[in-house]
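Read through the structure below, which is laid out as C-alpha cells, and then see the notes.
There are 2 protein chains.
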Amino acid sequence: MTRKRFDEMGCCVASALNEVGDWWSLLIVKQAMLGTRRYVDFQNSLGIAKNILCNRLSRLVENGVMVRVDVGEHGKRYEYRLTDKGRDLFTVVTALRQWSERWNGAQDSMKLVDRQTGEPLAPVTVQNQQGQPLTVRDVRFVDENGKPFEEAG
Amino acid sequence: MTRKRFDEMGCCVASALNEVGDWWSLLIVKQAMLGTRRYVDFQNSLGIAKNILCNRLSRLVENGVMVRVDVGEHGKRYEYRLTDKGRDLFTVVTALRQWSERWNGAQDSMKLVDRQTGEPLAPVTVQNQQGQPLTVRDVRFVDENGKPFEEAG
DNA sequence: CCACAATGGTTGCAAAACGAAACCAAATAA
DNA sequence: TTATTTGGTTTCGTTTTGCAACCATTGTGG
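Shown next, in the form of C-alpha cells:
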C-alpha cells in the first residue's frame, strides 16, 4: 500500500506533483532560491527532520531538480544546488507566494524585488500569445485532435 | 507527533503549502478547473480513496478554496465548486503543468488553449512592472526595511 | 599533533497519515 | 417498490513522518 503514484496518470500536473508535490520539496527549492546550499543550513532554516531532509534532497537530485556538488578539500563536504530545471520552478514558487500574500495576507518578512530597479514584481499571470492575461474561464481544454474536452458526468 | 505545521513559519510559500501542499489538493483543484464538481466524479477521475477525498475536500472548503453547494431537490446532493481564491490557483497549476511539459515531456493528452483564438498559451513567467520576464537571478530578497537579505551560513 | 566541534548522514521508535475495502443511510431512478 | 447512486464513515494494515540517539569523517583551535 504505497503512496499513490502520480507519474502514470497521463497528466502533466500529476507528474509534476509526483516530483515536488509533497509538503517539503517546494520549501527546500524555495530555500535554495534564497541562497541556501548546505545540508545543515537547510535543516536549520526549515526546521526539517534530518532523515526527511536527506530523503527529499536525494529525491530532488534523482529527479534532476538539484545537484549534489562535492566541495570538501578531501571529499565529504557537499553543496546542494538548483539545476536549470530547479531554477525553472521560480514561476511556481513565486505564484504560490503571491497567491498566499493575496489571500492570506502578507505574513512574510521577506519581499521580492527587481534586482535592477528595486521595484516589486508584477503579479504572475497566465497570458495568451499577445500578453493578455487569461483566467481559467478564458481557456479551453482540448485533446490531441483539437476537440474540446468534455467532462464525464 | 503531528505533521509539521507550515502556517507559522513566517513564510508565504510555507503557508500556501500548508493549505494545498499535499499530494492530492492541487490535483483536486486542477480537476475542478476541468469542470468536475461532484464527489463521485472526483473519485473516478483521480482514483483517490474515498476517505482521503473526503478529508481533502473538507480541508479545501475550510480554507476557502472550494465551497460545498447543496444541489439536491431535498438535500443530500452536493457540488464542490472553486471559489475566487481557488480559481486564482490557475497560475500555480498552469505553471506546474508547463514546467512538467518542459522538463518531463508532454505525456498529457490534454492541451490548454485560448478560448477565443484557439492558440496555445504563452509560458507563464515572472515579470517586472514593465512586463519583462525575470529569472531567479534577476530578483533580490529584501526585508521590511528594504535591506538585502543575507543568508546565514 | 591532539582534542573538540561541525558535517552529513543512518537507525530505531512512536504517532500520524494513507489506501483499500466494507459498510451505511438518504435520495433518486427504473 | 426495489435497485442504484451518492456521499459519506469505519476498520485495518502499511507507509510516512518526526524526534532523538548514534556514528564516521572532516575541519579547527591550540
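Taken in order, these protein sequences are the chains called A and B. Every letter in the first sequence is one number past the one before it in the UniProt record's numbering, and letter 8, counting from 1, is 8. Every letter in the second sequence is one number past the one before it in the UniProt record's numbering, and letter 55, counting from 1, is 55. Even glycine gets a Cβ: it sits at the ideal position worked out from N, Cα and C. Just so we're clear, the structure is a prediction, and the values are computed from it rather than from any experiment.
Identity of the residues DSSP links to residue i by a beta bridge
i                      : result
residue 133 of chain A : A/127
residue 141 of chain A : B/112
Counted within 10 angstroms of its Cβ, other Cβ atoms place residue i as buried (16 or more) or exposed
i                      : result
residue 49 of chain B  : exposed
residue 56 of chain A  : buried
residue 84 of chain B  : exposed
residue 97 of chain A  : buried
residue 36 of chain B  : buried
residue 129 of chain A : exposed
residue 108 of chain B : buried
residue 10 of chain A  : exposed
residue 143 of chain B : exposed
8 Å contact criterion, which residue i and residue j should meet: CB distance rounded
i                      : j                      : result
residue 95 of chain A  : residue 65 of chain A  : So it is not a contact: roughly 17 Å between Cβ atoms.
residue 33 of chain A  : residue 93 of chain A  : 7 Å
residue 115 of chain A : residue 79 of chain A  : Contact doesn't hold; Cβ gap of about 23 Å is too wide.
residue 100 of chain B : residue 16 of chain A  : 4 Å
residue 110 of chain B : residue 90 of chain A  : Actually they are not in contact, since the Cβ atoms of residue 110 of chain B and residue 90 of chain A sit about 25 Å apart, beyond 8 Å.
residue 136 of chain A : residue 87 of chain B  : 5 Å
residue 131 of chain A : residue 131 of chain B : 7 Å
Cut-off 6 Å between Cβ atoms - residues of its own chain near residue i, not counting five sequence neighbours on either side
i                      : result
residue 77 of chain B  : 71
residue 121 of chain B : 112
residue 133 of chain A : 125, 127
residue 19 of chain A  : 63
residue 75 of chain A  : none
Sequence-distant residues of its chain with Cβ nearer than 7 Å to residue i (five each side left out)
i                      : result
residue 60 of chain A  : 25, 28, 66
residue 152 of chain B : The predicted position of residue 152 of chain B is uncertain, since its pLDDT is 44 and thus under 50; a value taken from the coordinates is nonetheless stated next. Same-chain partners within the cutoff: there are none.
residue 118 of chain B : none
residue 149 of chain B : 141, 142, 143
residue 31 of chain A  : 42, 45, 46
Own chain residues within Cβ distance below 8 Å of residue i, not counting five before or after
i                      : result
residue 21 of chain B  : 6
residue 53 of chain B  : 24, 28, 39, 42, 43, 46
residue 69 of chain A  : 78, 79, 80, 81
residue 139 of chain A : 126
residue 4 of chain A   : none
residue 73 of chain B  : none
residue 155 of chain B : Here chain B comprises residues numbered 1 to 153, so residue 155 of chain B is not present and cannot be evaluated.
Any non-hydrogen atom of the ligand GDP closer than 7 Å to residue i Cβ
i                      : result
residue 106 of chain A : The model on display carries no ligand, and the ligand GDP is accordingly not part of it.
**Item:** Runs of beta strand (DSSP E) wholly within the UniProt domain "HTH hxlR-type" (11-108) of chain B (minimum 3 residues, chain order)
**Value:** 66-70, 78-82
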